[in-house]
Amino acid sequence: MQEEIKKNYGHLLEDELLQEINTIGIIKTVNAGDELIRTGQYLSAMPLLISGVIKVMREDEDGFELLLYYLEKGETCAMTLSCCTGSALSEIRAIAETESTLLMIPIEKMEEWLGKYKSWRNFIFDSYHERLMEVLETIDNIAFKKMDERLLDYLNSKAKYYDDSEIKVTHQDIAFDLHTSRVVVSRLLKQLEKTNRIKLNRNSIKLINTR
Numbered sequence: 702m703q704e705e706i707k708k709n710y711g712h713l714l715e716d717e718l719l720q721e722i723n724t725i726g727i728i729k730t731v732n733a734g735d736e737l738i739r740t741g742q743y744l745s746a747m748p749l750l751i752s753g754v755i756k757v758m759r760e761d762e763d764g765f766e767l768l769l770y771y772l773e774k775g776e777t778c779a780m781t782l783s784c785c786t787g788s789a790l791s792e793i794r795a796i797a798e799t800e801s802t803l804l805m806i807p808i809e810k811m812e813e814w815l816g817k818y819k820s821w822r823n824f825i826f827d828s829y830h831e832r833l834m835e836v837l838e839t840i841d842n843i844a845f846k847k848m849d850e851r852l853l854d855y856l857n858s859k860a861k862y863y864d865d866s867e868i869k870v871t872h873q874d875i876a877f878d879l880h881t882s883r884v885v886v887s888r889l890l891k892q893l894e895k896t897n898r899i900k901l902n903r904n905s906i907k908l909i910n911t912r
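Heads up: the sequence shown begins at 702 in my numbering, then just goes up one per residue.
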């Protein structure tokens with residue numbers, strides 16, 4: 702695990718901090734679909750993603766969800782950071798998009814490192830900035846893009862994270878992530894198939910030309 706930590710974070714953090722992370726971090730492995738954080742949960746540790754992809758969502762009072770962004774290896778979640786530093790309850794829900802390995806850092810260490818290591822402060826501030834930009838992009842998509850454009854962006858993102866042009870996802874899953882109905886998703890997917898931009902298979906979608 703030490704080599705994985707250095708591979709993912711060695712270009713960002715100094716060796717002394719990497720040693721501390723390796724010593725006190727708790728390894729957590731999850732399967733695709735496992736819930737990592739639920740809305741209203743008190744968080745006692747911050748996750749560093751070693752491998753896999755995590756999906757972060759906002760949930761309303763009726764249980765409907767909106768995809769905010771994905772996390773990849775070498776990243777952490779700004780929403781988690783905010784809850785940890787402020788001892789607040791989680792405002793987001795996070796689930797494993799793929800089988801993933803995380804390194805859980807206790808809150809007290811995270812705060813201690815902010816004063817001890819400049820590289821850690823930079824990493825935290827950069828993480829806040831990157832997640833904020835992704836949230837703003839999500840807001841822009843909702844406000845300024847039509848649903849078919851949002852759907853194409855979603856499919857391209859999925860293909861990127863899976864590194865595969867064939868995406869295993871149901872119409873209902875897409876509807877949940879985009880906060881719309883399955884009927885709308887199915888209709889738009891059929892339109893995209895007619896224009897030869899995708900090919901619909903059973904429980905999967907093959908990207909052909911999404912430009």
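Backbone N, C-alpha and C fix where the C-beta goes; we use that ideal spot for every residue, glycine too.
Taking C-beta atoms under 8 Å as the contact rule, G734 and A797 qualify, at a distance of about 6 Å.
Sequence-distant Cβ neighbours of G711 in its own chain, meaning closer than 8 Å and more than five residues away, are L719. If you check the CB distance, A779 and L833 come in under 8 Å.
Take H830, set aside five residues on each side of it, and no residue of its chain has a beta-carbon closer than 6 Å to its own. Per the C-alpha coordinates, the member of M848, D849, T871 and L815 positioned closest to L714 is L815.
Taken in chain order, the whole beta strand (DSSP E) runs of length 3 or more contained in the segment 776 to 858 are 794 to 797 and 801 to 807. Under the three-state reduction of DSSP, K900 is assigned to strand. Inter-segment contact for the segment 797 to 809 and the segment 721 to 735 is present: three or more beta-carbon pairs are separated by less than 8 Å. A contact is defined here as three or more CB-CB pairs under 8 Å, and the segment 892 to 899 meets this definition with respect to the segment 845 to 863.
By the CB criterion at 8 Å, L750 and E721 fall outside the cutoff. Taken atom to atom, the span from the alpha-carbon of A860 to that of F845 is near 23 Å. Each of D716, I725 and S866 was checked against the Cα of I808, and the nearest Cα belongs to I725. Proximity to V757 across A795, D827 and Y862 peaks at A795, based on C-alpha coordinates.
Taking 8 Å as the upper bound for CB-CB distance, L856 and I906 are in contact here, some 7 Å apart. Straight-line spacing of the CA atoms in V884 and T839 works out to 22 Å.
Relative to S745, the option among A789, F877 and L769 whose CA is nearest is A789.
Ranked by Cα distance from F765, the first of F826, D878, F824 and K817 is D878. Taking 8 Å as the cut-off, the beta carbon of V754 is found closer than this to the beta carbon of T799. Rounded to whole angstroms, the separation of the alpha carbons of R822 and I793 is 23 Å. When beta bridges are read from the DSSP output, T730 appears opposite T802.
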